[in-house]
Structures are given as C-alpha cells and as structure tokens.
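Data first, discussion second: the structure below is written as structure tokens.
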Amino acid sequence: MRAKMIATTILALSAWLALSLLPARADDSLKRIIDQKTLTVGVALNPPWILKKADGKFAGYDVDLTSALASDLGVDLKLVEVPWNDLKTRLLKGDFDMIAAGYASTPERAREVVFSNQTGTADIRMVATIASLGKRPGKAVAAQGYKIAVLSNSTDEAAAKEAFPKATILSFDNTSDVFAAIIGGDAQAMVATSPTPQMAARLYDAKLTMVGGPLLRTPEAFAMRPDDVRLIQYVNNWIGARTADGTIGGVRRYWFGSFKWMLRFDTSAKPEPAKQ
9 MRAKMIATTI
19 LALSAWLALS
29 LLPARADDSL
39 KRIIDQKTLT
49 VGVALNPPWI
59 LKKADGKFAG
69 YDVDLTSALA
79 SDLGVDLKLV
89 EVPWNDLKTR
99 LLKGDFDMIA
109 AGYASTPERA
119 REVVFSNQTG
129 TADIRMVATI
139 ASLGKRPGKA
149 VAAQGYKIAV
159 LSNSTDEAAA
169 KEAFPKATIL
179 SFDNTSDVFA
189 AIIGGDAQAM
199 VATSPTPQMA
209 ARLYDAKLTM
219 VGGPLLRTPE
229 AFAMRPDDVR
239 LIQYVNNWIG
249 ARTADGTIGG
259 VRRYWFGSFK
269 WMLRFDTSAK
279 PEPAKQ
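Add 8 to a position in the sequence shown, counting from 1, and you land on the number used in my numbering.
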C-alpha cells in the first residue's frame, strides 16, 4: 500500500515537473498591435507629458515617446483621451493597449496593472500664491485650512495629504482645473509633479512662487494589462535600447530641461477658470 502511494506521488510530481518545463506559450498582444497596424494609447491632459495644441492635436513628452515606439513597431499611433480617473479602468477594459500620461508607477496601481521599466523620475513640489504666504511661508502652508489644489487620485494628492495634514485639499479631475484653481483664487497653492509647478511660477511670476523642496520623487512608466506579456517584454526592451542610444534622454531634455516649448503653445498654456 505504501509503495503504491509512493508511486502515485512520484507520478504526480513527474507530471507537474513536465508541465513546468514546457516553454511558456507566447500571448498575441504584440502580434495584435502589428496586425492591426495601430498602437492605441490612453492619455489624459497633463502638461508637459500630454497637452493639446490650438489645432486639437496632442503634443508632449509621452506623445514623443509613444510616437517613437509606434514608429519602431511599424504601426500608426492612436491617442485616446479620457479623464485621468478613468485611465486604469479603460485600460483593463481593453479600450487601449497602454497608458502614457506621466503616470507614476506606484505599488497600489501595480496591484492591477503592469508597469514598464521607468522612462524617467519626477519630483512632486508646491507652488503657492505670494499673497497667501506672508512673511512666514512655512507657517502659512502648514496652517489649518490652507487650500491646496491637486489632481484627484494621484501621487500629488497623496503627497499633499502627507506633507500638509491640516490643509484643505481640493481635488480636481484634470491638471487644467488644478492649474485654474490657483490662478482663479479658489486655492492658495498647488501640489503637482514637476515641471508643472515651475511652469505655473514661470507663467505667473508676479503672482506665484515655488515653496520648499521636493515632497516626493516618483518613477514614471507606461502601464499595460498584466496578460499582455509579449507587449510588456517588447516595451521594456525598447526602453532599454532607446535609453542607451540617447533617444529618451534627448526627448526628456527638451520637455523638462527648459520651457522654450511653451512658446509653441501660447494660445493654450493659460487655463480657463476652474470648473465648479
């Protein structure tokens, strides 16, 4: 009886080992994109990663990167604009192949999506109205009820809540409304991922000023569905190759090294009043 049990166990282990040694079956995620001749990317307005020109066309750091990625794949690039808070849900639903919108790679998000290797890192910082700071800026921003505008469900919001526990955090669904809240007087400060605060301070240097140092540093990456293994592998290989040859570094220097690009978007750089 014991010999039979041992034999059965050995047979079961042998079957499991044989299965485990089989080569992994490649999924069709990369083939799907090549066959459809289109890489579909979900985006949300978030300058300078994603912004829209006066003619309605998209531009920005992640637009340049995904354009280069699509070109190397030999396919067209299709950008699908959705609200920031809908990016993850729409990706998992299958509405696009990946997210590229200055989307920070966080452990919480990684529970549901798979992030590529990072395409860069960015600091989260504060810019505030000069009038709200008085003679003691540190005391002013730490005061009860100080109004800080942030992007809803973002790393910016998490950093602001952690750094300023007494503040009143005003959450908005897109970066344009965050920007508009501080300009329109609905908020006294804005916490956002660089270089957005620096952009605001540059555009409104008579009204706004940078406050303190970085609150948090975050890695940026593309987000994809967990089952799209072959696509994830390709994107990671692409990031490695284009980092090594300087392509990604060159794009980053253009969008983050200075604000000369803002001259191209002077008709849309300043926001409309915040939506209530």
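Built from N, CA and C at the ideal position, the CB exists for glycine as well.
These figures come from a predicted structure and were not determined experimentally.
The beta carbon of SER179 is closer than 7 Å to those of VAL158, SER160, GLU165 in its chain, skipping five residues each way along the sequence. If you look at PHE180, you'll find it in the beta strand (DSSP E) that goes 176–180. At least 7 Å separates the beta-carbon of LEU53 from that of SER202. The beta-carbon separation of LEU99 and VAL121, rounded to 6 Å, stays under the 8 Å limit for a contact. The C-alpha of LEU141 lies about 13 Å from the C-alpha of MET198. DSSP places ILE132 in the uninterrupted beta strand (DSSP E) bounded by 128–137. Per DSSP, the continuous alpha helix (DSSP H) segment holding MET207 begins and ends at 204–211. In the structure shown, LEU224 adopts extended strand secondary structure according to DSSP, grouped into three states.
Counting along the chain, GLU89 sits inside the beta strand (DSSP E) bounded by residues 84–89. Rounded to the nearest angstrom, the gap between the Cα atoms of LEU224 and ALA130 is 8 Å. DSSP places ALA252 within a helical segment (H, G or I) once states are collapsed to three.
In the DSSP assignment, VAL219 forms a beta bridge with MET134.
THR201 has ILE132 as its beta-bridge partners, per DSSP.
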